[in-house]
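Notes to accompany the following structure.
Residue numbers (the working numbering), protein chains in the order written: chain A, 1 to 332; chain B, 333 to 623.
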């Protein structure tokens, strides 16, 4: 695609993104506290999904161990609260990203030596090392009881926690998450459209050719792995104050499956797919849990149907439909 | 001395159930190149069906006949496998392999809740069988007879599966398909049928594993996921797609678990995963990889 054509195709996307952003800014005024907090969870998960998709969609690596980085972000914050008595959200964000990034850097050294199924199993196995530590070292991590995290101070203590926790989460904290979500999305957009991002896509499409044109495949994969882990860690750090508690469940591998679900539901071949998927999944789960105890069955059926009939995911399918509408079928 | 023997028997008991689960997982991967994430839940399904069938039959049948009733669990899991492969997996063979993995993950979610739906949240037990065999004393130790039975089943299954894969005509077809699916197809092997049969056989092994442990452990929700993770460790150590690997991997994991429970209970799982990671680091495709 020529630069001009790329700009032309990016413009409507950015316009649509701006519209969605205006909608997101208006959420706390338009909807109930409960709804706003649900959207807030969706935004947090969307950050994790964006990070995850740098590996699956752009590098072609299917990880089943991203709970490790989400959990690492969350537990870093919780441990800082417990042992250092930190209260600043900015510090939490930085520490969560660094903590998850460090673990991803370490695990990545082992994992990026493999691709395909072995990559999946290895990421899974390593994430379960962290899970069993979070579960078993209960004198540090609280075991299955987890660790409590009080509402933090935002913006270098300019905003102190409000009296009413729900109010705080639905207004101040919501906007805090929204700002970081926008920043994370912008950074990810720059990453995937940078030469580095293009190199990752070259690796995804043909590893051998990428190697031949001088891409250092393994190093690029490792960097992608670390960036992906850091984004997921950011999501974990933002999630903890929202949830108020972190338990080993978020390090357990079904949580990795949930992140995979976000991305597959939205579509991993589009930039916006993971965001759409995370928001949609969050609503799906919230309502499925409300209606039936067999919500996992509902989710499983949706998942199987998506894999069978909509391999492009929600966003990918919508994008395909739009493109077909805009460009009428060529005359035969 | 007697504690050592007990520990060895415990390890063999673990190894035996692990082999039953992991061999099916490995077989399916070896032939179809699919890692079935729902495999653990088929194991759990076998356990539930077996416990349910034993519960129904316990009052009417003599206890020795209940061992045959256990097989119902294995057959039920096999039937589910025979149903799933043609309907949900076959349409995906033309797609990138990620989709097959994703499909089995969806099946994992569904099966987990189907079991909750059918049998409710409370565990099922079939302890009539393990009670019936009592304890056996030999060489200064007293050991549950049923655990010895499980060890025997594991050994018989390993030998039987090995003979089946390496000595029978069907085994040849299985191995041919596994090595080169297109070439096997060109030589007149009905690959579609081999796939169904291999998947069904894999599920049968998982179901047998579940059925055989249910008199001891009972059938509980979540048992499938725990088993799957351990089976992954086994096949990663042994090498995916290799039966010998599954046997050796199961023995290693069995012994490490027994040691772990005695000496490092807190980090037992972490140690197992670390062993798997180290093996992958040193021998990327596992100890018994063929390729």
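From the three backbone atoms N, C-alpha and C, an ideal C-beta is built for every residue, glycine too.
Under DSSP, residue 475 of chain B shares a beta bridge with B:468. Taking all protein chains in view, the Cβ of residue 394 of chain B is surrounded by fewer than 16 other Cβ atoms within 10 Å, so the residue is classified as exposed.
Proximity of chain A to residue 463 of chain B at the Cβ level (cut-off 8 Å) is not reached, the minimal Cβ distance being about 32 Å. Using a Cβ-Cβ cut-off of 8 Å, residue 531 of chain B does not count as an interface residue toward chain A, since no Cβ of chain A sits closer than that to its own. Between the beta-carbon of residue 410 of chain B and that of residue 535 of chain B there is about 5 Å, and that keeps the pair under the 8 Å contact cut.
Under the Cβ criterion of 8 Å, residue 489 of chain B is not counted among the residues facing chain A. Taking 8 Å as the threshold, the shortest C-beta distance from residue 284 of chain A to chain B does not fall below it. In the DSSP secondary-structure assignment, residue 551 of chain B is bridged to B:456. The C-beta of residue 479 of chain B has 16 or more other C-beta atoms within 10 Å across all chains shown, which makes the residue buried. Taking the Cα positions, residue 183 of chain A is about 12 Å away from residue 21 of chain A. When Cβ-Cβ separations below 8 Å define contact, residue 558 of chain B makes no contact with chain A. Shown here, residue 148 of chain A sits in a strand according to DSSP, grouped into three states.
Taking the beta carbon of residue 435 of chain B as reference, the chain A residues within 8 Å of it are 304, 307 and 308, listed in sequence order. Inter-segment contact for the stretch 225-242 of chain A and the stretch 96-108 of chain A is present: three or more beta-carbon pairs are separated by less than 8 Å.
When C-beta atoms of the stretch 105-113 of chain A are compared with those of the stretch 49-58 of chain A, fewer than three pairs fall below 8 Å, so the two segments do not count as touching. Nearest to residue 312 of chain A by alpha-carbon distance, out of B:431, B:465, B:586 and B:482, is B:431. Here residue 139 of chain A is exposed. Its C-beta has fewer than 16 other C-beta atoms within 10 Å. Closer than 8 Å to the CB of residue 277 of chain A there is not a single CB belonging to chain B. A contact is defined here as three or more CB-CB pairs under 8 Å, and the stretch 11-28 of chain A fails this definition with respect to the stretch 213-226 of chain A. Residue 16 of chain A and residue 127 of chain A have their C-alpha atoms spaced approximately 37 Å apart. Per the C-alpha coordinates, the member of A:223, A:36 and A:177 positioned closest to residue 197 of chain A is A:223. Contact between residue 568 of chain B and residue 121 of chain A holds, since their C-beta atoms are separated by about 6 Å, short of 8 Å. Proximity of residue 280 of chain A to chain B, defined by a Cβ-Cβ separation below 8 Å, is not satisfied.
For residue 245 of chain A, the pairing in a beta bridge is given by DSSP as A:148.
With a cutoff of 8 Å on beta-carbon distance, residue 381 of chain B and residue 368 of chain B are scored as not near each other. Listed as beta-bridge partners of residue 88 of chain A by DSSP are A:153.
For residue 464 of chain B, the CB contacts under 7 Å within the same chain, skipping 5 residues up- and downstream, are 395 in chain order. Counting other Cβ atoms within 10 Å of its Cβ, residue 454 of chain B stays below 16 and is therefore classed as exposed. With a threshold of 8 Å between beta carbons, residue 584 of chain B makes no contact with chain A. One Cα belongs to residue 452 of chain B, the other to residue 261 of chain A, and the distance between them is close to 26 Å. Contacts between residue 534 of chain B and chain A, judged by CB atoms closer than 7 Å, are missing: the closest CB pair is about 16 Å apart.
Note on residue 146 of chain A: 16 or more other CB atoms within 10 angstroms of its CB, so buried under the neighbour-count rule.
Look at residue 311 of chain A: its C-beta is under 8 Å from a C-beta on chain B. Annotation for residue 319 of chain A: the continuous alpha helix (DSSP H) segment containing it runs 313-326.
Neighbourhood of residue 114 of chain A in chain B, by CB distance below 8 Å: 612 and 616, in chain order. Scanning its chain for C-beta atoms nearer than 6 Å, with the 5 sequence neighbours on each side dropped, one finds around residue 390 of chain B the residues 460, in chain order.
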